[in-house]
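First up is the structure itself, then whatever we jot down about it.
Protein chains: 2
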Amino acid sequence: MINTQTEYNFLSQQAKSTPPSLIRAILKAMQDDEIISFAGGMPNPISFPEKELSVSMQNVVKKFGSKVFQYSITAGLLELREYIADRYNRKFNLGINAENIIITTGSQQALDLLAKVLIDKNDNILIEKPGYLGAIQAFSQYQPTFHPITLENDGMNINELNNLLSNRKIKFGYVVPNFQNPTGISYSKEKRDKLYDIIKKNNFLLIEDDPYGELRFEGEPLPYIAAGDTQNSVLLGSFSKTITPGMRLGYMITKNDDIRIAVNTAKEAADLHTNIFAQYVIWDYLINNDFDAHIQKIKNLYKIQSTAMIEAIKEFFPQNIKYTIPQGGMFLWVTLPEGLSSMKLFDIAIKNKVAFVPGDPFYVAEKNVNALRLNYTNASPETIKTGIKRLGEILKNYTLM
Amino acid sequence: MINTQTEYNFLSQQAKSTPPSLIRAILKAMQDDEIISFAGGMPNPISFPEKELSVSMQNVVKKFGSKVFQYSITAGLLELREYIADRYNRKFNLGINAENIIITTGSQQALDLLAKVLIDKNDNILIEKPGYLGAIQAFSQYQPTFHPITLENDGMNINELNNLLSNRKIKFGYVVPNFQNPTGISYSKEKRDKLYDIIKKNNFLLIEDDPYGELRFEGEPLPYIAAGDTQNSVLLGSFSKTITPGMRLGYMITKNDDIRIAVNTAKEAADLHTNIFAQYVIWDYLINNDFDAHIQKIKNLYKIQSTAMIEAIKEFFPQNIKYTIPQGGMFLWVTLPEGLSSMKLFDIAIKNKVAFVPGDPFYVAEKNVNALRLNYTNASPETIKTGIKRLGEILKNYTLM
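These protein sequences, in sequence, are chains A and B. With the working numbering applied, the first sequence corresponds to residues -6 to 394, in that order. With the working numbering applied, the second sequence corresponds to residues -6 to 394, in that order.
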């Protein structure tokens, strides 16, 4: 039987139903140097220790020769995993070792691999509302049923969560406990404790994604929610916000061996292993420099930048606009009066040379939401003031419409 | 409703049914320095231009500063994609440009992403028999129906292929046209032409995976089977065998925009983008060094090593053992008399301090196959002779059993 039909679309059903991400389209809409952009999520280049990394590059080639260029093991460089285990044990008393860690190609890869090894179609999973769009993208590929739980200033709304759990079996929950993306909020100690009790009682898995935890510039660090737990916890971390995102180095920490082994097998099929040269370089950097002093420099800068943004918001935004005040990380979240669309505001803002990310991509179902994300890490205090002033003027007209 | 059951296995059905790969278990069984191993698939360190890469590292940090450490675009560094397009156009007249290329985290990632965006459960796909185990692993995750077509010395058995196509619609075929893994064979010009006609007539997609094509040490280069075709072709390439596998840099070339866009979207969810520092370094290396002269050095060495292995096989193997004679690449394929298991031979070989990869992982269904893969790129001619002698002695006893 000869197929005489011309059929050019070879895509799987899943690929056919996956649109390119909205946020990339948004970022593309801004190829204009005059636009002041609070849209991206890029760390300030101050977080890249360029000189020290250059030294480490030469060190590892000299010390380890061809090993830094050869194929390596899927779990990642042992010495780097030992460093990570030791740091988390010292800071958070997790009781982990190198065997509990897999190095991933950015923590985005951990989200992708976890989605693959955990989600069966229609599995119930908990996410934050609004939630991190990279996680929503990764999870969506495996068609779970999302249950977004409203995020308050101190974490998930517990009543909403308990109501949901009263008649549903949940596979896992996904949270960003510190300086959440997109809202900038952090979970209080009380909410962390409550959430842990709920996880244990209902026996679901908690994925804590913590790319920003090191960047606390106000208040005291808090313990993780479930990290260190033997079966119900996966913790994700990253060097993207503290050393370099371009090198794509993240990691997954779990004492659940089933999950670790499954992720390792999936990673083997995904990319064999993460760039081993980059792993050697970051490890050499970490053991030969004062990492905490470096992080302190980043925190000092981000505190100045976030303060500049908050001050400008107070000065230029109408009174009926609400916003979060982050104690660390890279973002804050602005809520417009009900009924106003941040997508429509975006179009006006771009024409007036200021940009942000509209709230929509951080929600699973809602469209034209009345909230938006602002990033403050990639502009000077002066530029932040100018940009927020522009946005304030637009908002004054927009909220009167 | 409180879940009072303890249920610790959160894995998806798919993950539960995916065993850790056999080959990793095999490689782990060999932690003994006295073992001469022909099991791995590692390039010789001569292929790593260490000094030149070190220079390029310094160059790109100096020239591009924070750009080499910052987040970047999913498709990959434009300059590197332009270099690749230009090289393939010069060598193979493909008529491609940078827009047809996506940089991947090793070509293994391309296999994983293509599996994701192409395969619906039970889709019919063609593979080689025996076939590359990394591809079988990647495709298996999406539960296609595999149709392995017997590989002969000059490519797939065309009659077998035509019989299969007479009553089945195929989504795609996957081939390694040059110095195939695991057999070392290459497709003849005649088979390439026939296969292309079959693809067009039956309108399926051909994925040509070509990590070894540059490493031809005998005979004349041949054109690709379908590469350059507007809709039915995806070509994969890699710098792993010519510069460094540790940096994990591969690429996908296709003029099929549907597939390219779908892979780009899937890659965004998989790891955002490939290590951008590595992309800058490899690009700087390529434009500032004589890449072809470097490749010539690798080819000269591999020719010596493959010749040493073939000569040793002639000298030490029993007459009833068949083997392929590769014109390039890294492997050759040994076939034992029918009924002899290479898995059982492996256990004996390990005790006698010599190792190879048994044939089983290169097949979808067959177990205890009577064939095995030998790698010759990672041992000196003397060591190759010693190892093959050991294996020959075992074979003499084994084939008499």
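Note that CB positions come from ideal geometry on N, CA and C, so glycine has one too.
* Indicate the three-state DSSP secondary structure (helix, strand or coil) for residue 148 of chain B in the structure shown. => strand
* Hey, out of A/125, A/375 and A/236, whose CA is closest to residue 324 of chain A's CA? -> A/125
* **Span separating the alpha-carbon of residue 146 of chain A from that of residue 42 of chain B** => 53 Å
* What are the residues of the segment 234 to 248 of chain B that lie near chain A, defined by any Cβ-Cβ distance shorter than 7 Å? -> 237, 238, 239, 240 and 241
* **Sequence-distant residues of the same chain with beta carbon closer than 7 Å to residue 396 of chain B, five excluded per side** => What the structure shows of chain B is the stretch from -6 to 394, and residue 396 of chain B is not part of that stretch, so it cannot be assessed.
* Taking Cβ positions only, does residue 414 of chain A come closer than 8 Å to chain B? -> Residue coverage of chain A in this structure runs from -6 to 394, which leaves residue 414 of chain A outside it and unanswerable.
* The alpha helix (DSSP H) with residue 127 of chain B in it runs from where to where? -> 126 to 133
* **For residue 287 of chain B, the three-state DSSP class (helix, strand or coil)** => helix
* To do: In the DSSP assignment, find the beta strand (DSSP E) that holds residue 324 of chain A and state where it starts and stops.
  => 324 to 328
* Answer with buried or exposed for residue 49 of chain B, where buried requires no fewer than 16 other C-beta atoms within 10 angstroms of its C-beta. => buried
* Close beta carbons around residue -2 of chain B, own chain, < 8 Å, minus the five adjacent residues each side -> Its pLDDT being 44, under 50, residue -2 of chain B is placed unreliably in this model, and the coordinates cannot settle the point.
* Asked: Can you give, in chain order, each stretch of the alpha helix (DSSP H) that sits fully within the segment 14 to 86 of chain B and has at least 4 residues?
  -> 15 to 21, 43 to 57 and 71 to 85
* Asked: So is residue 261 of chain B in contact with chain A if we call contact Cβ pairs under 8 Å?
  -> yes
* To do: Scan the segment 0 to 13 of chain B for residues whose Cβ lies nearer than 7 Å to a Cβ of chain A and list them as they occur along the chain.
  => 0, 1, 2, 3, 4, 5, 6, 8, 11 and 13
* To do: Assign residue 143 of chain B to one of three DSSP states: helix, strand, or coil.
  => strand
* Asked: Grouping DSSP H, G and I as helix and E and B as strand, with all else coil, what is residue 233 of chain B?
  -> coil
* Is the segment 245 to 260 of chain A in contact with the segment 1 to 9 of chain B, if contact means three or more CB pairs nearer than 8 Å? -> yes
* Asked: From residue 374 of chain B to residue 301 of chain B, what distance separates their C-alpha atoms?
  -> 5 Å
* From the DSSP output, in three-state form, read off residue 368 of chain A for me. => strand
* To do: Going by CA-CA distance only, name the one from B/162, B/273 and B/176 that's closest to residue 193 of chain B.
  => B/162
* Asked: Would you say residue 268 of chain A reaches chain B, if we count a Cβ-Cβ gap shorter than 8 Å as a contact?
  -> yes
* Would you please verify whether the beta carbon of residue 113 of chain B is less than 8 Å from any beta carbon of chain A? => yes
* Of the residues A/25, A/165, A/231 and A/272, the one placed nearest residue 224 of chain A, counting alpha carbons only -> A/165
* **Integer-rounded CB distance, given that residue 243 of chain A should sit under 8 Å from residue 102 of chain A** => 7 Å
* Taking one C-beta from the segment 69 to 84 of chain A and one from the segment 290 to 300 of chain A each time, how about it: are there three or more such pairs within less than 8 Å? -> no
* If residue 93 of chain B sits next to residue 248 of chain B, beta carbons under 8 Å apart, how far is it from one beta carbon to the other, in whole angstroms? -> 5 Å
* **One or two residues paired with residue 316 of chain A in a DSSP bridge** => A/327
* Asked: Going along chain B in order, which residues have a C-beta closer than 7 Å to the C-beta of residue 30 of chain A?
  -> Near residue 30 of chain A there are no residues of chain B at all, since even the closest Cβ is about 13 Å away, more than 7 Å.
* Output, in sequence order along the chain, the residues in the segment 308 to 325 of chain B whose CB is closer than 9 Å to any CB in chain A. => none
* In the structure shown, what three-state DSSP assignment does residue 343 of chain A receive? -> helix
* How many Å lie between residue 217 of chain A and residue 356 of chain A at the Cα? -> 25 Å
* Which word fits residue 353 of chain B, buried or exposed, when buried means at least 16 other C-beta atoms lie within 10 angstroms of its C-beta? -> buried
* **CB-CB length for residue 191 of chain A against residue 227 of chain A, believed under 8 Å** => In fact, because the Cβ distance is near 17 Å, the residues do not count as touching under 8 Å.
* Asked: Under three-state DSSP, which class holds residue 227 of chain A?
  -> strand
* Asked: Who are the neighbours of residue 254 of chain A on chain B, taking C-beta pairs under 9 Å?
  -> 13
* Counting only beta-carbon atoms, is residue 62 of chain B nearer than 8 Å to chain A? -> yes
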